[in-house]
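Sequential numbering of the sequence shown, starting at 378, is according to our numbering. A virtual CB, placed ideally from N, CA and C, is assigned to each residue, including glycine. Bear in mind the structure is a predicted one, so any value in this text is a computation, not a measurement. Step one of this worksheet: look at the structure below.
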Amino acid sequence: MSDGQRAGDATEYPGVGRVLVVIPTYNEAENIRHTTAAVRGAVPQVDLLVVDDNSPDGTGAIADELASTDRHIHALHRAGKQGLGAAYVAGFGWAKEHEYDAVVEMDADGSHSPQELSRLLDALREADVVLGSRYVSGGTVVNWPLRRLALSRGGNLYTRLALGMPIRDATGGYRAYRLPALEKMEIDSVASQGYCFQVDLAWRAHRQGLRVAEVPITFADRERGASKMSSAIMREALWRVTVWGTRARLDSVRRALRSPGR
């Protein structure tokens with residue numbers, strides 16, 4: 378397939394256009410068949426791109442098999458485990474190259490319900506970025522231990538206060554973007570990983586003045602496979618949010634000092 382050639386058989390989602398669901402994977406052999414089948418069944422208009430980081434458990438080979446039997450499914454292989462953020466940036470680049478109008482982030486582990494995908498896409502008709510939110514009215518989390526739920530809620534509260542950003546769930550990974558919005562957010566310069574990547578993109582969207590909407594979702598903890606969450610990921614997020622918030626406040630003070638009449 379040549380550069381710029383349209384991929385797959387995706388039809389336009391009404392009011393949004395051609396949509397690519399990007400699913401990063403690392404050791405998700407137990408989940409990827411079920412997840413892709415569920416997406417295909419729920420919203421058959423969209424295409425899927427599995428971005429695999431050379432999974433030792435053979436996830437990449439399964440993705441190739443799925444792609445060989447369904448023109449709506451594609452596989453992108455990377456040399457090794459380079460992190461969630463880099464996988465998404467690669468997927469977004471692939472979407473731009475193949476002329477999609479919008480992209481969706483979705484986990485491979487079944488925590489994001491494909492049945493709720495149409496809710497995100499419907500909201501994207503009037504927005505540039507749509508965040509699937511666990512912490513707005515109607516959103517919920519299923520089967521998480523209390524400690525992890527408290528950490529997630531606390532992290533989002535800290536993010537909201539530190540950045541002055543009116544987003545209830547900045548760390549969630551189920552979201553949709555219009556391609557022009559991603560270009561304005563300059564995603565090629567994103568260095569964040571883990572769920573800090575999600576905060577980074579939400580922060581960029583907010584600072585660019587893009588139309589950001591939150592819609593309620595149900596987040597269910599994975600049933601199969603191992604979580605990729607770690608204390609290092611959480612430390613990165615805390616440090617980066619603190620730095621971003623401090624810089625934003627200093628920039629605000631500098632602008633105030635330079636304003637006329639002072």
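Assign residue i to buried or exposed, taking buried as 16 or more other Cβ atoms, counted over all protein chains shown, within 10 Å of its Cβ.
{"i": "Q492", "result": "exposed"}
{"i": "V480", "result": "buried"}
{"i": "G533", "result": "Before going on, a small fix: residue 533 reads as Asn here, not Gly. By the 10 Å Cβ count, N533 comes out buried."}
{"i": "R525", "result": "exposed"}
{"i": "E405", "result": "buried"}
{"i": "L523", "result": "exposed"}
{"i": "A444", "result": "buried"}
{"i": "S636", "result": "exposed"}
Which residues mark the beginning and the end of the alpha helix (DSSP H) in which residue i is found?
{"i": "P557", "result": "556-561"}
{"i": "T412", "result": "409-419"}
{"i": "L461", "result": "461-474"}
{"i": "S429", "result": "The amino acid occupying residue 429 in the given sequence is Asp; Ser does not appear at that position. D429 -> not in any alpha helix (DSSP H); beta strand (DSSP E) instead, spanning 424-429."}
{"i": "I400", "result": "Segment 396-402 is the beta strand (DSSP E) holding I400; no alpha helix (DSSP H) there."}
{"i": "G437", "result": "436-446"}
Taking 9 Å as the cut-off, decide whether the C-beta atoms of residue i and residue j are in contact.
{"i": "T451", "j": "L425", "result": "The amino acid occupying residue 451 in the given sequence is His; Thr does not appear at that position. A contact, by the Cβ cut-off of 9 Å."}
{"i": "M483", "j": "H475", "result": "no"}
{"i": "V589", "j": "A579", "result": "yes"}
{"i": "V423", "j": "G437", "result": "no"}
{"i": "R502", "j": "V393", "result": "yes"}
{"i": "R555", "j": "I544", "result": "no"}
{"i": "K458", "j": "N431", "result": "yes"}
{"i": "Y572", "j": "L461", "result": "yes"}
In three-state terms, what does DSSP make of residue i?
{"i": "K605", "result": "With a pLDDT of 49 at K605, under the threshold of 50, the modelled position of this residue cannot be trusted, and the question is left open."}
{"i": "I564", "result": "helix"}
{"i": "T595", "result": "strand"}
{"i": "A479", "result": "strand"}
{"i": "Y572", "result": "helix"}
{"i": "A406", "result": "coil"}
{"i": "V618", "result": "helix"}
{"i": "S379", "result": "Unreliable positioning characterises S379 in this predicted model, as indicated by a pLDDT of 36, which lies under 50. The coordinate reading is nonetheless provided below. The answer is coil: DSSP assigns S379 none of H, G, I, E or B."}
{"i": "R552", "result": "strand"}
{"i": "A547", "result": "coil"}
{"i": "A579", "result": "helix"}
Determine the extent of the beta strand (DSSP E) in which residue i is found, giving its start and end residues.
{"i": "L453", "result": "450-454"}
Of all Cβ atoms in chain C, is any one closer than 9 Å to the Cβ of residue i?
{"i": "V513", "result": "Of the chains in the structure shown, none is chain C; there is only one protein chain."}
query = Taking the runs of the beta strand (DSSP E) that are 3 residues or longer, which of them lie wholly in the region 488-540?
reply = 506-510, 517-519
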